[in-house]
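K.L.:
Just dropping this structure here.
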Amino acid sequence: AQSVTQLGSHVSVSEGALVLLRCNYSSSVPPYLFWYVQYPNQGLQLLLKYTTGATLVKGINGFEAEFKKSETSFHLTKPSAHMSDAAEYFCAVSESGYQKVTFGTGTKLQVIP
Amino acid sequence: NAGVTQTPKFQVLKTGQSMTLQCAQDMNHEYMSWYRQDPGMGLRLIHYSVGAGITDQGEVPNGYNVSRSTTEDFPLRLLSAAPSQTSVYFCASSYRERDGQFFGPGTRLTVL
Chain X
42 AQSVTQLGSH
52 VSVSEGALVL
62 LRCNYSSSVP
72 PYLFWYVQYP
82 NQGLQLLLKY
92 TTGATLVKGI
102 NGFEAEFKKS
112 ETSFHLTKPS
122 AHMSDAAEYF
132 CAVSESGYQK
142 VTFGTGTKLQ
152 VIP
Chain W
291 NAGVTQTPKF
301 QVLKTGQSMT
311 LQCAQDMNHE
321 YMSWYRQDPG
331 MGLRLIHYSV
341 GAGITDQGEV
351 PNGYNVSRST
361 TEDFPLRLLS
371 AAPSQTSVYF
381 CASSYRERDG
391 QFFGPGTRLT
401 VL
């Protein structure tokens, strides 16, 4: 069965500092991995995804994530935080060939001016 | 394209009442899903569909029914509302499982 663990329900960074949001997954088959962002009172928006191929994936708003099979991780990073990055971020996994998607419990990012 | 639309945005029910949350998408996506979002629990899958006429249960299906008579619409029915169903409900769709999902704006449901 697939599962997702996001370390840290709340993360605070200073404006301009590195953003690192952690995600570990378990899957019995090669996974599809996703990061979504949710702004207050809105639905989720896809940030980036990994399916096959290059393990470093670039997404919108300057975010990127690296798929590390040996560590079963898919951490999200951004070199320099902006105030507009304050939101909740969700990691999700789907086993290839299987429509069910499992979400992590989310990480709220606070950006301090 | 309107994307994924959900109605209503807000709803208050009394225990035992029934209602239908509407979801529609205009992107010709085969895959559609319903999730509930509760604080500290992320999103949990209620039901999903891989095409018209095909539905299956997710992680928390009890108390909910779905049907998929057309590609565009995927309504979620609460049969007899309970306070434990107080939540924010999201509908999502995707073309293929590997594409990531488009989410609607959500319905905030309160059951008294």
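Protein chains in written order, with the working numbering: chain X, 42 to 154; chain W, 291 to 402. All residues carry an ideal CB built from backbone N, CA and C; glycine is no exception. Keep in mind it's a predicted model, so treat the numbers as computed, not measured.
1) Where does W:ASN318 fall in DSSP's three states?
2) Give the DSSP-derived three-state secondary structure of X:GLY103 in the structure shown.
3) Once the 5 residues before and after W:VAL340 are set aside, which same chain residues still bring their CB inside 8 Å of it?
4) Is W:ASP389 helix, strand or coil by DSSP?
5) Taking the Cβ atom as the reference point for each residue, do X:SER55 and X:VAL152 lie within a distance shorter than 9 Å?
6) According to DSSP, simplified to helix, strand and coil, what is W:ASP328?
7) From this set, X:LEU61, X:ALA42, X:PRO71, which residue's C-alpha is nearest X:ALA106's C-alpha?
8) Can you check whether the C-beta of W:MET331 is within less than 9 Å of a C-beta belonging to chain X?
9) Excluding sequence positions up to five away, which residues of its chain have a Cβ less than 6 Å from the Cβ of W:ALA382?
10) Is W:LEU399 near the ligand GDP, in the sense that its beta carbon is under 8 Å from a heavy atom of that ligand?
11) Might you give, ordered along the chain, the residues of its own chain that have their beta carbon closer than 7 Å to the beta carbon of W:PRO298, omitting 5 neighbours on each side?
12) Counting beta carbon pairs with one atom in the stretch 359 to 374 of chain W and one in the stretch 97 to 116 of chain X, are three or more of them shorter than 8 Å?
13) Determine the closest residue to X:LYS119 out of X:LEU97, X:GLY147, X:THR146, X:LYS110, with distance taken between C-alpha atoms.
14) From X:LYS109 to W:MET309, what distance separates their C-alpha atoms?
15) Using the beta-carbon of each residue, which ones in chain W are nearer than 7 Å to X:TYR73?
16) Go through its chain and collect everything with a Cβ distance to X:GLY147's Cβ below 8 Å, but skip five positions before and after it.
17) Under the three-state reduction of DSSP, which class applies to W:GLN375: helix, strand or coil?
18) Any idea what DSSP makes of X:SER125, helix, strand or coil?
19) Can the beta-carbon of W:SER357 be found less than 9 Å from the beta-carbon of W:PRO365?
20) Does X:LEU85 have its Cβ less than 9 Å from a Cβ in chain W?
21) Flag this pair as yes or no: are the beta carbons of W:THR305 and W:VAL401 separated by less than 9 Å?
22) Report yes if the CB atom of X:LEU88 is closer than 9 Å to the CB atom of X:PHE104, and no otherwise.
23) Look up X:PHE75 in the DSSP assignment and say whether it is helix, strand or coil.
24) Which residues in the same chain as X:SER121 place their Cβ atom closer than 6 Å to its Cβ, once the five residues preceding and following it in sequence are excluded?
P.N.:
Reading it off the structure:
1) Coil, per DSSP.
2) helix
3) GLU320, TYR321, ASP346
4) Helix, per DSSP.
5) Taking 9 Å as the Cβ cut-off, X:SER55 and X:VAL152 qualify as a contacting pair.
6) coil
7) X:LEU61
8) yes
9) SER323, GLN391, PHE393
10) This structure lacks the ligand GDP, and indeed carries no ligand of any kind.
11) THR397
12) no
13) X:LEU97
14) 44 Å
15) GLU387, ARG388
16) GLN47, SER50, GLN79, GLU129, TYR130, PHE131
17) helix
18) helix
19) Yes. Within cutoff.
20) yes
21) yes
22) Cβ distance < 9 Å, so X:LEU88 and X:PHE104 count as in contact.
23) strand
24) GLY57
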